[in-house]
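Chains as they are written, first to last, in my numbering: chain H, 1 to 343; chain F, 1001 to 1343. The C-beta atom is built at its ideal place from N, Cα and C for all residues, glycine as well. None of these values were measured; they are calculated from a predicted model. Written below as structure tokens is the structure these notes are about.
2 protein chains.
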Amino acid sequence: MEPLPGSGGAARIADVAARAGVGVATVSRVLNGRANVRPATRDRVQEAIRALNYRPSSVARSLSLQRTMVVGAVLPWFTNPSAVQRVRGIVEGLSGSPYDLMVFDVESEDRQRRAFELFDRGDRADGLLVVSTLPPDAEVERIRSAGLPCILVDGVHPSLPSIAVDDAGGGETATRHLIELGHRRIAHIGDTPPEFRFDWSRDRTRGYERALERVGIEVRPEYVREGTRLLHVARGIATELLTLPDRPTAIFAASDTQAFGTLEAARALGIRVPEELSVIGFDDIEVASHVGLTTIRQPLFESGRRGAELLLRALSGRRVDVRTELLPLELIVRATTGPAPRT
Amino acid sequence: MEPLPGSGGAARIADVAARAGVGVATVSRVLNGRANVRPATRDRVQEAIRALNYRPSSVARSLSLQRTMVVGAVLPWFTNPSAVQRVRGIVEGLSGSPYDLMVFDVESEDRQRRAFELFDRGDRADGLLVVSTLPPDAEVERIRSAGLPCILVDGVHPSLPSIAVDDAGGGETATRHLIELGHRRIAHIGDTPPEFRFDWSRDRTRGYERALERVGIEVRPEYVREGTRLLHVARGIATELLTLPDRPTAIFAASDTQAFGTLEAARALGIRVPEELSVIGFDDIEVASHVGLTTIRQPLFESGRRGAELLLRALSGRRVDVRTELLPLELIVRATTGPAPRT
DNA sequence: CTGAAAGCGCTTACAG
DNA sequence: CTGAAAGCGCTTACAG
């Protein structure tokens, strides 16, 4: 009811103690639900807490306890529609635990550096989930020496536990699907990973090449392009591919977003899908099903959930092996792939 | 080169001081780039920092300085495709400032409560951006008494500065567009806001009603539905509307996501857009242009950028008025609206 | 230019 | 059951 002490800031534990006529230790006990406090005392303290609208400083608490009860997630989620699903999985995996999640976006190398500066000492968060990006070796070293549990999701590092998929295998499956439909002129739009990012796309490209080689189809350099994951960039690349003298009858895009760009390019050129052109993506993000896109589904939600699970395991002091856990990929055939046109 | 002291944790300032043969105050001075340190001493300290791979504890720093150099953003971004654009704007607005951004997702009331518990004392973040959600009055009170600068984006509260749009006006513009195309049977799919969320959609509904009333079209209760923002929910509602005996020739959806659900329902029913049905959304999220959706554009990116700008202003101690800054809305006519079918 | 000491707001042995 | 005191790892007057 009465105004807060010193209009300045929030009440501190000492204010509560003073008002309740007890020591700070007792207030702390009440705050933390310890049993050994006389009911009458407890009541008085709680009354003071209410009157002062008191809430303990989590920073002071963190410093004293040497833990924060928050888990940090570092990921490039702006440019990554699949990131949202992954974070959903993380939230799901963390639900029921006492940990809160704070997300830090890393779009540029500079932002990535700052993210790790913030987290790697382990005093902002008790554990770290690094998603779709790869920490520099120096950071990994610091994280380890700080004893900060860290799990990689959608990335691989020799000294960190990780959740990933077999990208090369997925790329191969996608390409084989096209081959089985009778396609021979199959192009590929890869994804340029930024320096600091895990190099998954190149693996998908490797799978593409492998599939072609297996059946003796020559890999034509003019059919293999690469660009950032942005839709309009992919549209530009697809337009080039589709105006080639000997244009491909099928395109494997390294991500659904790029597949959408490819579909737009085809539409703009009046090329019918799948009659004249088959398109397959990778990821199976939410909109893929609405658009009827054939794609390679990777368990995005599950990757986050499982990452959180491993992190909680590590946080509870149990052992987590430094190994890569591979999640299954699945070919989802929808409306954008069909038999190769007869020439 | 040598192993860290006590394999346990990271080096502390005292370890650095010891190794450099100076006091901790001197290390602190070097750390913070103060001028008054003898070059030779500085070098020795820096050498020790490097050798120990030392990084100061930001928690200890925060407690001592009473500020964190981080800005918190609280928003329901999983279910909100427009949230990503807004956060991009925030990041842009913060770039060049010394503040880092941490994002906290609030999908449920429980998560919202925890978010505010984490932030409202002002010791996790120096400032708060609350986006597309409304803090309970008790929280607003605590935030104010903690002296924590807080800006609302896409929400309005009597005692907080805010950035918003004229939702009723936007709803009216959308509906008037349909009226001007000759539509009379115009339905509306509203968005059920969770308890804790800003009630923007109802305003859009109000604008819809106002537009109809202005031209003397009766508001038919069976034409006004409401559901959560999920695409498949909107699809269900649209299916009901489109199978009504006297089905509407136009639908105004309170968000682009719901407009997409409406488009899917129409496609499934074999109803051609825009020949037989006009659809208009709200937001102009990224995919809207790819799909050719007519919509009311609101400056998502700009709302975040401007919110960050106001927050920085407040953080620098300058005055920020408690008022709502309205951002402009714009009708974007694309391919999903057309003249009403002749009956 | 530099160091010893107090203080930021908590928690937790330790001693009553 | 309860309080005085030390400690978490920094910063910053204050005194040399």
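task = Alpha carbon to alpha carbon, how far is Arg1210 of chain F from His1183 of chain F? Give it in angstroms, no decimals.
result = Reading the second sequence from its first residue, position 183 is the one you call residue 1183 of chain F. Reading the second sequence from its first residue, position 210 is the one you call residue 1210 of chain F. Each residue's Cα considered, the two are about 15 Å apart.
key: Inter-stretch contact (C-beta, 8 Å, three-pair minimum) for the region 322-332 of chain H and the region 104-118 of chain H   = no
task = Determine whether the Cβ of Gly270 of chain H lies closer than 9 Å to any Cβ atom of chain F.
result = On the first sequence, position 270 is the one that residue 270 of chain H refers to. So, not an interface residue.
Inter-stretch contact (C-beta, 8 Å, three-pair minimum) for the region 245-264 of chain H and the region 272-286 of chain H = yes
query = Terminal residues of the continuous beta strand (DSSP E) containing His1177 of chain F?
reply = Here residue 1177 of chain F refers to the residue found at position 177 of the second sequence. Where His1177 of chain F is concerned, there is no enclosing beta strand (DSSP E), although the alpha helix (DSSP H) it sits in stretches over Asp1167 to Glu1180.
key: Close beta carbons around Phe301 of chain H, own chain, < 8 Å, minus the five adjacent residues each side   = What you label residue 301 of chain H is simply residue 301 of the first sequence in a count that begins at 1. Gln85, Arg86, Arg88, Gly89 and Glu92, listed in sequence order.
message = Our contact map puts Ser159 of chain H next to Val130 of chain H with C-beta atoms below 8 Å; I'd like the distance itself, whole angstroms only.
response = Sequence index remark: in the first sequence, residue 159 of chain H carries index 159 (1-based). Sequence index remark: in the first sequence, residue 130 of chain H carries index 130 (1-based). With 8 Å as the limit, Ser159 of chain H and Val130 of chain H do not qualify as a contact, their Cβ atoms being about 13 Å apart.
ask   = Based on the DSSP output, what are the partners of Ile90 of chain H in its beta bridges?
value = Locating residue 90 of chain H in the first sequence gives position 90, counting from the first residue. DSSP, once it has assigned bridges, lists no residue as partnering Ile90 of chain H.
ask   = Under the rule that 16 or more other beta-carbon atoms within 10 Å means buried, what is Ser132 of chain H, buried or exposed?
value = Numbered from 1 along the first sequence, position 132 holds the residue referred to as residue 132 of chain H. Buried, by the Cβ-count rule.
query = Are the C-beta atoms of Asp1246 of chain F and some chain H residue less than 9 Å apart?
reply = Working through the second sequence from its first residue, we reach residue 1246 of chain F at position 246. Asp1246 of chain F does not count as touching chain H.
Arg297 of chain H - containing beta strand (DSSP E), residue span = In the first sequence, counting from the first residue as 1, residue 297 of chain H sits at position 297. Element bounds for Arg297 of chain H: Thr294 to Arg297.
ask   = For Phe116 of chain H versus Arg144 of chain H, is the C-beta spacing smaller than 9 Å?
value = Here residue 116 of chain H is taken as the residue at index 116 of the first sequence, counted from 1. Here residue 144 of chain H is taken as the residue at index 144 of the first sequence, counted from 1. Not a contact, by the Cβ cut-off of 9 Å.
key: Partners in chain F for Val287 of chain H, counting only beta-carbon separations shorter than 8 Å   = Looking up residue 287 of chain H in the first sequence gives position 287. In chain order: Val1287.
task = For Ala1187 of chain F, collect the residues of the same chain with a Cβ closer than 6 Å to its Cβ; drop the 5 residues on either side in sequence, then sort them by chain order.
result = To locate residue 1187 of chain F, count along the second sequence from 1; it is residue 187. If we look at Ala1187 of chain F and ignore the five residues flanking it on each side, its Cβ neighbours are Tyr1223, Leu1241, Pro1248 and Ile1251.
ask   = Are at least three pairs of beta-carbons, each pair with one atom in the region 66-85 of chain H and one in the region 31-41 of chain H, less than 8 Å apart?
value = no
request  = With a 10 Å radius around its C-beta and 16 neighbouring C-beta atoms as the bar for buried, classify His177 of chain H as buried or exposed.
outcome  = Taking the first residue of the first sequence as 1, we reach residue 177 of chain H at position 177. Looking at its Cβ environment, which holds 16 or more other Cβ atoms inside 10 Å, His177 of chain H is buried.
query = Is the CB of Asn1032 of chain F under 9 Å away from at least one CB in chain H?
reply = Taking the first residue of the second sequence as position 1, residue 1032 of chain F is located at position 32. Not closer than 9 Å to any Cβ of chain H, the Cβ of Asn1032 of chain F fails to qualify, so no.
query = Is Gly227 of chain H near Gly236 of chain H, with beta carbons less than 9 Å apart?
reply = Working through the first sequence from its first residue, we reach residue 227 of chain H at position 227. Working through the first sequence from its first residue, we reach residue 236 of chain H at position 236. Taking 9 Å as the Cβ cut-off, Gly227 of chain H and Gly236 of chain H qualify as a contacting pair.
message = Can you look up His1290 of chain F in the DSSP assignment and give me helix, strand or coil?
response = As a position in the second sequence, residue 1290 of chain F is number 290, starting the count at 1. Correct three-state label for His1290 of chain F: helix.
request  = Have a look at H:Ala10, H:Ala11 and H:Gln46 and flag the residue whose alpha-carbon is nearest the alpha-carbon of Thr26 of chain H.
outcome  = As a first step, residue 26 of chain H is located in the first sequence; it is residue number 26 there, counting from the start. The residue with the shortest Cα to Cα distance from Thr26 of chain H is H:Gln46.
request  = Whole angstroms is fine: what's the gap from Leu1118 of chain F's alpha carbon to Pro1245 of chain F's?
outcome  = Counting from one through the second sequence, the residue named residue 1118 of chain F turns up at place 118. Counting from one through the second sequence, the residue named residue 1245 of chain F turns up at place 245. Between Leu1118 of chain F and Pro1245 of chain F, the C-alpha separation is close to 52 Å.
Assigned exposure category for Pro1339 of chain F - 16 Cβ within 10 Å defines buried = To locate residue 1339 of chain F, count along the second sequence from 1; it is residue 339. So Pro1339 of chain F counts as exposed.
message = Counting only Cβ-Cβ distances shorter than 7 Å, please list the residues of the region 1057-1077 of chain F near chain H, keeping chain order.
response = If you check each beta-carbon in the region 1057-1077 of chain F against every beta-carbon of chain H, the ones closer than 7 Å belong to Ser1057, Ser1058, Val1059, Ala1060, Ser1062 and Leu1063.
Members of the region 78-110 of chain H near chain F, C-beta cut-off 8 Å = Phe78, Val84, Val87, Arg88, Val91, Asp100, Leu101, Met102, Val103, Phe104, Asp105 and Glu107
task = Taking only beta-carbon positions, decide if Gly307 of chain H is within less than 9 Å of chain F.
result = Residue mapping note: residue 307 of chain H aligns to position 307 of the first sequence, counting from 1. No, its Cβ sits nowhere closer than 9 Å to a Cβ of chain F.
request  = To the nearest angstrom, report how far apart Gly72 of chain H and Asp123 of chain H are at their CA atoms.
outcome  = For the purposes of this step, residue 72 of chain H is taken as the residue at position 72 of the first sequence. For the purposes of this step, residue 123 of chain H is taken as the residue at position 123 of the first sequence. Cα to Cα, Gly72 of chain H sits roughly 11 Å from Asp123 of chain H.
task = Leaving out five residues on either side along the sequence, give the residues of the same chain with a beta carbon under 6 Å from the beta carbon of Arg306 of chain H.
result = Here residue 306 of chain H corresponds to residue number 306 of the first sequence, with the count starting at 1. Excluding sequence neighbours, Arg306 of chain H sits near Ile163.
request  = Identify which residue in F:Ala1234, F:Ala1174, F:His1232 and F:Thr1079 has its Cα closest to the Cα of Arg1206 of chain F.
outcome  = Taking the first residue of the second sequence as position 1, residue 1206 of chain F is located at position 206. If we check each option's Cα against that of Arg1206 of chain F, F:Ala1174 comes out closest.
message = Suppose you measure from the CA of Arg342 of chain H to the CA of Leu1075 of chain F; what does that come to, to the nearest Å?
response = Indexing the first sequence from 1 puts residue 342 of chain H at position 342. Indexing the second sequence from 1 puts residue 1075 of chain F at position 75. If I take the Cα positions, the gap works out to 52 Å.
ask   = According to a CB-to-CB cut-off of less than 9 Å, which residues of the region 8-38 of chain H neighbour chain F?
value = Gly8, Gly9, Ala10 and Ala11
inquiry  = Contact defined as beta carbons within less than 8 Å: I believe Ile1271 of chain F pairs with Pro1081 of chain F. What is the distance between those atoms, to the nearest angstrom?
reply    = Taking the second sequence and counting its residues from 1, one reaches residue 1271 of chain F at position 271. Taking the second sequence and counting its residues from 1, one reaches residue 1081 of chain F at position 81. Not really, about 25 Å apart at Cβ, beyond 8 Å.
request  = Please specify which runs of the alpha helix (DSSP H), each continuous and at least 4 residues long, are wholly inside the region 224-271 of chain H, giving them in chain order.
outcome  = Taking 4 residues as the minimum length, the alpha helix (DSSP H) runs contained wholly in the region 224-271 of chain H are 231-242 and 256-268, in order along the chain.
message = Does any residue of chain F have a CB that is nearer than 9 Å to the CB of Phe260 of chain H?
response = The sequence position of residue 260 of chain H within the first sequence is 260, counting from 1. By the rule that beta-carbons nearer than 9 Å mark a contact, Phe260 of chain H touches chain F.
query = Excluding sequence positions up to five away, which residues of its chain have a Cβ less than 7 Å from the Cβ of Leu1031 of chain F?
reply = Sequence index remark: in the second sequence, residue 1031 of chain F carries index 31 (1-based). Here the set comprises Pro1056.
query = If you drop the 5 nearest sequence neighbours on each side, which residues of the same chain put their C-beta closer than 7 Å to that of Ala265 of chain H?
reply = Reading the first sequence from its first residue, position 265 is the one you call residue 265 of chain H. Contacts found: Arg235, Ala238, Thr239 and Leu242.
inquiry  = Suppose you measure from the CA of Asp1120 of chain F to the CA of Arg113 of chain H; what does that come to, to the nearest Å?
reply    = Translated into the one-based positions of the second sequence, residue 1120 of chain F becomes position 120. Translated into the one-based positions of the first sequence, residue 113 of chain H becomes position 113. Their Cα atoms are separated by approximately 27 Å.
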